[in-house]
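Chemist: Sharing a structure with you now.
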Amino acid sequence: MQTSFDNVLSPDFSEPLQYFDASPPLSRTTPPIYADDPWNSSSFEDAEPEMPHYFVANDSEQHKTLFGSNLTAANVLLGVDIPDTYNDIYSKSNPQEEKIDVKSLELILVQLSGLPLHLRQQVMRLVTAPEEDMVTRNEFNAFLALIACAQKNMEISLETIYHHRNDLPIPTLTHLETFNVREMLQPPAMKQDTTENNEVTAPVLRHNEEQEAMNQWFRDLDHITVSRTSEKEGFLFKHVNYEVESEKLGSKVLRRFSDFYWLWEVLLKRYQFRILPNLPPKKLGGRDDVFEERRRKGLVRFINAVIRHPVLGKDDVVVAFLSHPSEMSSWRRAKQPPLDEEFVQTSHNIAHLERLVPMDLDDRISRIKKRLAVSIQQYEHMCFIMNQMNRLKKALGTDYIRYSVTLNSVGELDKHCWVPGCQGCPQVVRGYGSLAKSLHQAGVILNKQAIATGDSIVESLKRQRDVLESFKELLDRRERNSPIPNEVLARQIARCNKRAVTQVEGLTLSQQRDIFIKYCFIAELSYLHKQQASVAVMYNTYVRDEVRYARQWSEHWKNLEVFTSEMPNTPHEFL
């Protein structure tokens, strides 16, 4: 599944210089900051303004000046802005204290790069020394650049990387999304022949199997998208249709809000002792686009929480809701699904479930109940603060755009100078144009970043809040639960035709149901606890996205600096 927003910003933003004025170069005075330029400021005078880097005198001469003949993988990309892809690959390569194991490099070369042996050896010789077992972050970046050079049939050398330091090639690594260097580096469990060793390793192997099963469950999670259709349906009362698409099932169906509500009611009756997410409000009148979008996002959170639950997601009604091609009303008339609770519908090994229930279950529930209300309140507050930060970012983006419009107006007024033959004012006006385009683009970038943040971290915070609220309602249902007589349970089980009425020695059906309810609660407590992994993923994704946005923001202004430095800045140029 995909929790990153790699395509949120327009592809055109990757070339910020195209938004600036492409008019002839402006004659200018070297800015004071470069007055003591040790690399010969005259080379600045001849530089093409379209180039995205500053020191563009002869590259080969320059890198000799910078590094002499000691151009290495550690210094070839010093101070260079690295593409986002490089950072993504670095984060997946098991970094330890800002260094990467050489074995990780070998795994990437062998399993992902697709390069022949002689090219892989050439890349490794340029990056690592025989006695080294770790490489630095800069060396790893050079390693990726060398792979890209080899894949694009470019010369595999550090000089090639240096010449392309401002437009570094991107390596093509197959199966990168599912590649996990940390797991690949773990040594496989050694098979032991002796009984003693088998006894020692058996618990470890069982733990590894359980951990791998849990990891596989996370990897196999489905992702459901819900989008509004363009037109409303209905003769007298118009209603919105939602297109529900499942990645795992490969299905795409149309559903109404009433279908979601019916699904929620069925699940509530069947699984009253499970964490069941809530639906967004229906709101019969006064609906606008803002409300419709909020409700759509609420439906996305609801259906994804259902499908990712280890029990709810396997229910036959849920599968039909996501895959039945026609209207749900026709399926309901044909199937008429039973509404009996989970204990009645399925058979259970009560003796086994009883062993899984810890003695301190009530104490665990009591402890989490004390903190639940405060946790929900804190998540509500975090959602509010993050929304406020997004609104401020959007407002700042709007102000940048307004400023660019005003600056264009100033440029129109100053286009014709009242001093005949003035050479400085036309150059300033052209600088206004480049600056206005840049400020407008900065506003667009901020607005898109705010939208992306709203779709990622804000929705993730709301998902976590929804889980806590759902567990609180589960506790409320537990307190309202009343025992069902044995005769009623026996009739319900017989009517279901799912299983015969089985008696456990010394336990009535009502007592068996109580044990099953306790098992449900310990299972839901475990499920709630595992949601902490989602919180960690949420913040990891948020930080990585913010790093990407900050890098793009910095690059945007650095590219603009080339053009502002071209504007005349001394009084004698305005004669």
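Residue numbers for the sequence shown follow UniProt numbering, beginning at 1 and rising by one. We treat Cβ as the ideally placed atom computed from N, Cα and C, and that holds for glycine.
With a Cβ-Cβ cutoff of 7 Å, do L276 and L263 count as a contact?
Modeler: no
Chemist: In whole angstroms, what separates the C-alpha of L146 from that of H164?
Modeler: 11 Å
Chemist: According to DSSP, Q96 sits in a beta bridge with which residue or residues?
Modeler: K99
Chemist: Express the C-alpha separation of V429 and N408 in angstroms, rounding to a whole number.
Modeler: 9 Å
Chemist: What would DSSP say about V253, mapped onto helix, strand or coil?
Modeler: In the three-state DSSP reduction, V253 falls in the strand class (E or B).
Chemist: In this structure, how does DSSP classify R228 when only helix, strand and coil are distinguished?
Modeler: In the three-state reduction of the DSSP assignment, R228 falls in the strand class.
Chemist: Provide the residue span of the beta strand (DSSP E) that contains M134, from first to last.
Modeler: Start and end: M134 to T136.
Chemist: H239: which of P325, F257, D289 and S227 sits nearest, CA to CA?
Modeler: Ranking P325, F257, D289 and S227 by Cα distance to H239 puts F257 first.
Chemist: What's the gap between the Cα of I365 and the Cα of E459?
Modeler: 27 Å
Chemist: Between A74 and T128, is the Cβ-Cβ spacing less than 7 Å?
Modeler: Inclusion of A74 and T128 in the CB contact set at 7 Å is not warranted, their separation being larger than that value.
Chemist: Thinking C-alpha only, which one of T225, R255 and H352 is nearest K248?
Modeler: T225
Chemist: Cα separation between T570 and L107?
Modeler: 57 Å
Chemist: Taking one C-beta from the segment 430-446 and one from the segment 400-419 each time, how about it: are there three or more such pairs within less than 8 Å?
Modeler: yes
Chemist: Count the other C-beta atoms from every protein chain shown that fall within 10 angstroms of the C-beta of L117, then say buried if there are 16 or more, exposed otherwise.
Modeler: exposed
Chemist: For the pair the segment 521-531 and the segment 321-334, tell me if three or more CB-CB distances fall below 8 Å.
Modeler: no
Chemist: When you compare only the Cα positions, how much space is there between R274 and V244?
Modeler: 24 Å
Chemist: Apply the 10 Å Cβ neighbour rule to H440 and answer buried if 16 or more other Cβ atoms are within range, or exposed otherwise.
Modeler: buried
Chemist: In the DSSP assignment, the beta strand (DSSP E) including Y242 goes from what residue to what residue?
Modeler: N241 to S246
Chemist: By Cβ distance below 7 Å, which residues in the same chain neighbour T172 in space, the five residues on each side in sequence not counted?
Modeler: Q151
Chemist: Do S246 and D222 have their C-beta atoms closer together than 7 Å?
Modeler: A contact, by the Cβ cut-off of 7 Å.
Chemist: Between S113, C417, M359 and S404, which has its C-alpha nearest H175's C-alpha?
Modeler: Of S113, C417, M359 and S404, the residue nearest in Cα terms is S113.
Chemist: Which of the three DSSP states is assigned to L71 in this structure?
Modeler: coil
Chemist: Should D259 go down as buried or exposed, given a rule of 16 or more other Cβ atoms within 10 Å for buried?
Modeler: buried
Chemist: With a cut-off of 8 Å on the beta carbons, I'd call I307 and V318 a contact; round off their distance for me.
Modeler: The C-beta separation of I307 from V318 comes to about 7 Å, placing the pair in contact by the 8 Å criterion.
Chemist: So, helix, strand or coil for L115, using DSSP?
Modeler: coil
Chemist: Going along the chain, which residues of its own chain have a beta-carbon closer than 7 Å to the beta-carbon of C417, five neighbours each way excluded?
Modeler: C425
Chemist: Grab me the residues of Q464's own chain with a C-beta within less than 8 Å of its C-beta, minus the 5 sequence neighbours each way, in chain order.
Modeler: Y379, Q531, S534, V535 and M538
Chemist: Buried or exposed for V253, going by 16 or more other Cβ atoms inside 10 Å?
Modeler: buried
Chemist: So does the segment 543-550 actually touch the segment 351-370, counting three or more Cβ pairs closer than 8 Å?
Modeler: no
Chemist: Where does L353 fall in DSSP's three states?
Modeler: helix
Chemist: Under the assumption that N141 contacts I82 (Cβ atoms under 8 Å), give the Cβ distance between them as a whole number of angstroms.
Modeler: 6 Å
Chemist: Quick one: residues in its chain with C-beta nearer than 7 Å to the C-beta of M190, no 5 flanking neighbours on either side, listed in chain order?
Modeler: Note that M190 has pLDDT 42, beneath the 50 cutoff, so the model's placement of it is unreliable and the number below is only indicative. There are no such residues.
Chemist: Of the choices I451, L525, R255 and A494, whose alpha-carbon is the least far from that of D362?
Modeler: Here the closest residue by C-alpha is L525.
Chemist: Is the distance from the Cβ of I156 to the Cβ of Q121 below 7 Å?
Modeler: Not closer than 7 Å, so no.
Chemist: Short check: CB of V311 to CB of Q492, under 7 Å?
Modeler: no
Chemist: Between which residues of its own chain and S227 is the CB-CB distance below 6 Å, once the five residues before and five after are set aside?
Modeler: E243
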